[in-house]
Amino acid sequence: MDYKSLYENKDFGIIKFDEQLKNYTNFGIGGKADVLVEVKEEYQLVDLIKFNQKNNIETTIIGNGTNILVTDKGIRGCVIIISKNYDRISLDGNLLRVSAGCLLSKASKFSFENSLTGMEEVSGIPGSLGGAVAMNAGAYGVEMKDIIKSVRLVSKTGEILEVSNEDMDFSYRHSKVFDDDLVVSEAIFELKKDDKEKIYEKYEDFTNRRVTKQPLDKKSAGSTFKRPVGSFASKLIDECGLRGYRKGDCQVSEKHCGFLINNGNASYEEMINFIEEVASIVFEKTGFKLEREVKVIGEK
2 MDYKSLYENK
12 DFGIIKFDEQ
22 LKNYTNFGIG
32 GKADVLVEVK
42 EEYQLVDLIK
52 FNQKNNIETT
62 IIGNGTNILV
72 TDKGIRGCVI
82 IISKNYDRIS
92 LDGNLLRVSA
102 GCLLSKASKF
112 SFENSLTGME
122 EVSGIPGSLG
132 GAVAMNAGAY
142 GVEMKDIIKS
152 VRLVSKTGEI
162 LEVSNEDMDF
172 SYRHSKVFDD
182 DLVVSEAIFE
192 LKKDDKEKIY
202 EKYEDFTNRR
212 VTKQPLDKKS
222 AGSTFKRPVG
232 SFASKLIDEC
242 GLRGYRKGDC
252 QVSEKHCGFL
262 INNGNASYEE
272 MINFIEEVAS
282 IVFEKTGFKL
292 EREVKVIGEK
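In terms of my numbering, the sequence shown opens at residue 2 and continues consecutively.
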């Protein structure tokens, strides 16, 4: 398919062809995308989804590139990145409206600056709002489902949907976004007024925990495994003597055992095999079965 002529002069955002996806993911791993589009506005997202459907072009959303592992063969069709400029924030009383491209850290900072509490715990979650809502991301006992009032979604046919918290089917690291091939456009958070200094102290506390305990300077997709019932992935990995364990450019972080990192130019095959090896060792030694939180996407 001649993608260049097909997408020429279209107002979908920034359009690139045969782009290396490793440059757009936190893991720094992944082959080429046939077409890569960075959308900055909701109308661009809607029009692009409709255009791709009309032309039978497969669409893949990678948001801000966190929590994913892209295969070395890359992704066929059109890959959509939600631009960091897709980041409007507005306030109506205690309701905070945030666009999908906005970083959670930015939204959390905005909330405490306006004396609103509720987002401090999630301030350190890497990535943008869209991905966080889709996977019901959480930290320190607070998940997206606990603070969201409603979500504005775009369907696979380009239809705009306003969905309440109750109808999002939130569960641990899951929502209806994955079930129905939906895209998050924005979310409304229902927060509470509180003392600004008190909120700031909590915000600083959780931010500092992230800085001191997570390998933010390394190529990582964040927490590699979901939390197993009855324990923690990082604790189990550490107890198995795997802290700092390395194979090629793949390594268990010495700073936080729940993070598996790419120390250089690890391939998809190397990283996925390493993830499976760590999970296998943990299962053999502890009986706990670790389930991957990082999502694998792309042609195999």
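Backbone N, C-alpha and C fix where the C-beta goes; we use that ideal spot for every residue, glycine too.
These figures come from a predicted structure and were not determined experimentally.
By the three-class DSSP mapping on this structure, what secondary structure does residue i have?
i      : result
GLN54  : helix
LYS107 : helix
LYS296 : strand
GLY78  : strand
LEU217 : coil
VAL71  : strand
SER84  : coil
ASN95  : coil
ILE90  : strand
Using the C-alpha atoms, what's the distance from residue j back to residue i?
i      : j      : result
ASP170 : LYS177 : 5 Å
LYS203 : LEU92  : 21 Å
GLY29  : LEU46  : 25 Å
TYR25  : GLU198 : 36 Å
ARG228 : ILE298 : 21 Å
GLU160 : GLN252 : 42 Å
LYS17  : GLY131 : 22 Å
THR61  : ILE76  : 8 Å
ARG247 : HIS175 : 30 Å
ASP168 : LEU162 : 11 Å
TYR214 : LYS74  : According to the sequence as given, residue 214 is Lys; it is not Tyr. If I take the Cα positions, the gap works out to 33 Å.
MET136 : ILE282 : 27 Å
PHE226 : LEU237 : 11 Å
Just tell me which of the options has its CA closest to the CA of residue i.
i      : options                        : result
GLU302 : ARG153, CYS79, ARG244, ILE69   : Residue 302 is absent from the model: the chain starts at 2 and stops at 301.
GLU122 : SER116, SER129, GLU114, ALA138 : ALA138
LYS146 : VAL134, LEU183, ARG153         : VAL134
GLY35  : ARG293, MET2, ILE148, THR72    : Here the sequence assigns Asp to residue 35, which means Gly is not the residue at that position. If we check each option's Cα against that of ASP35, MET2 comes out closest.
GLY242 : SER254, ASP250, SER165         : SER254
By a C-beta neighbour count over all protein chains shown, 10 Å radius and 16 as the cutoff for buried, is residue i buried or exposed?
i      : result
MET120 : buried
ASN68  : buried
LYS194 : exposed
Notebook entry, point to check: For the segment 133–205, which segments carrying the beta strand (DSSP E) assignment without a break, of at least 3 residues, lie completely within its bounds, in sequence order?
Noted result: Listed in chain order, the complete beta strand (DSSP E) runs (minimum 3 residues) inside the segment 133–205 are 149–155, 161–165, 184–191.
Check: What runs of the beta strand (DSSP E), each 3 residues or longer, lie entirely inside the segment 224–254?
Finding: Restricting attention to beta strand (DSSP E) runs no shorter than 3 residues, the segment 224–254 encloses them at 251–253, ordered along the chain.
Notebook entry, point to check: Quick one: complete alpha helix (DSSP H) runs, 4+ long, within the segment 2–54?
Noted result: If we require 4 residues or more, the alpha helix (DSSP H) runs fully inside the segment 2–54 come out as 4–8.
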